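A.B. asks: Starting off with a structure, shown below.
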Amino acid sequence: MKKARIAVLVSGGGTNLQALLDAQKTGTISHGEIVLVISSNPSAYALERAKHAGVDGKVVSRKEVGSQEAFEAGILALLQEYRIDLMVLAGFMSILSADFTKKWPERILNVHPSLIPSFCGQGFYGLRVHEAALQKGVKVTGATVHFVNEIPDGGRILLQKAVEILDGDTPEILQKRVMEQAEWILLPQATEMVCQKIVKESV
Ligand code: GAR
1436 MKKARIAVLV SGGGTNLQAL LDAQKTGTIS HGEIVLVISS NPSAYALERA
1486 KHAGVDGKVV SRKEVGSQEA FEAGILALLQ EYRIDLMVLA GFMSILSADF
1536 TKKWPERILN VHPSLIPSFC GQGFYGLRVH EAALQKGVKV TGATVHFVNE
1586 IPDGGRILLQ KAVEILDGDT PEILQKRVME QAEWILLPQA TEMVCQKIVK
1636 ESV
């Protein structure tokens, strides 16, 4: 059976990448294959995870190439070289321009650690999202997997899952609970959903 070719874009620890790699192993992802990991950060631990799984890892650093155009051209060249069908942003901390995202309509997925439209958009990433949720005093947060378009965290929502906030939570404790109870489950599920669609459309 033909599989959708997936590139996972990362910037840091890569626990969501690990969840995707594990899901591929266990069969939760059966219509897609992770063939490439692109990191915006040369020292991301996610690159180690890719290596360990036998997946090619490449670095395209905005800082090193000097401009957004060169950064995106570097990513596009890799997507072509590896004949990528679907991009999954898994803790990818760079913004992609409208020029870039419009070339890939409903072919870029992102996981965000809140229930969009809360605590999302410009400036809300990583631990900051959980800091903001705790500061606001909300009692429920969660994670969202959505398509990426020209609006930061604004594309069509595919999956969401709520996670409780408990007394005594720190941003770190909350981040871990949201990952364990939502992100690591939703991202592989959504990836498989989109891969099934891509495979179906290709026959
Ligand atoms: C995850 O919580 C992910 O949802 C978040 O960064 C973390 C990366 O962890 N992404 C964003 O905030 C994007 N706006 P990981 O590198 O261990 O997967």
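Sequential numbering from 1436 applies to the sequence shown in my numbering. Ideal Cβ positions, reconstructed from N, Cα and C, are used throughout, including at glycine. Quick caveat: nothing in here was measured; it's all calculated off a predicted structure.
#1: Is the beta carbon of residue 1449 sitting closer than 8 Å to the one on residue 1484?
#2: What residue from 1480, 1455 and 1471 has the CA that sits closest to residue 1491's CA?
#3: Mind checking residue 1478: buried by the 16 CB within 10 Å criterion, or exposed?
#4: Using the Cβ count rule (16 or more neighbours within 10 Å means buried), how would you classify residue 1601?
#5: How would you call residue 1597, buried or exposed, if buried means at least 16 neighbouring beta carbons within 10 angstroms?
#6: Any chance the CB of residue 1488 is under 7 Å from a heavy atom of the ligand GAR?
#7: For the candidate residues 1629, 1451, 1553 and 1584, whose alpha-carbon lies nearest to that of residue 1573?
#8: Among 1473, 1489, 1446 and 1474, which one has its Cα closest to the Cα of residue 1457?
#9: Could you have a look at residue 1470 and say whether DSSP puts it in helix, strand or coil?
C.D. replies: Reading from the atomic positions:
#1: Here residue 1449 corresponds to residue number 14 of the sequence shown, with the count starting at 1. Here residue 1484 corresponds to residue number 49 of the sequence shown, with the count starting at 1. Yes.
#2: Position 56 of the sequence shown, counting from 1, holds the residue named residue 1491. Answer by Cα proximity: 1471.
#3: Residue mapping note: residue 1478 aligns to position 43 of the sequence shown, counting from 1. That one is exposed.
#4: Within the sequence shown, residue 1601 is the residue found at index 166, counting from 1. With fewer than 16 other Cβ atoms within 10 Å, it is exposed.
#5: As a working mapping, residue 1597 is identified with position 162 in the sequence shown. Result: exposed.
#6: The count along the sequence shown starts at 1 and reaches residue 1488 at position 53. False, no ligand heavy atom lies under 7 Å from that Cβ.
#7: By one-based count along the sequence shown, residue 1573 stands at place 138. Looking at the Cα atoms, 1553 is the closest of the given residues.
#8: For the purposes of this step, residue 1457 is taken as the residue at position 22 of the sequence shown. If we check each option's Cα against that of residue 1457, 1489 comes out closest.
#9: As a working mapping, residue 1470 is identified with position 35 in the sequence shown. It is a strand residue.
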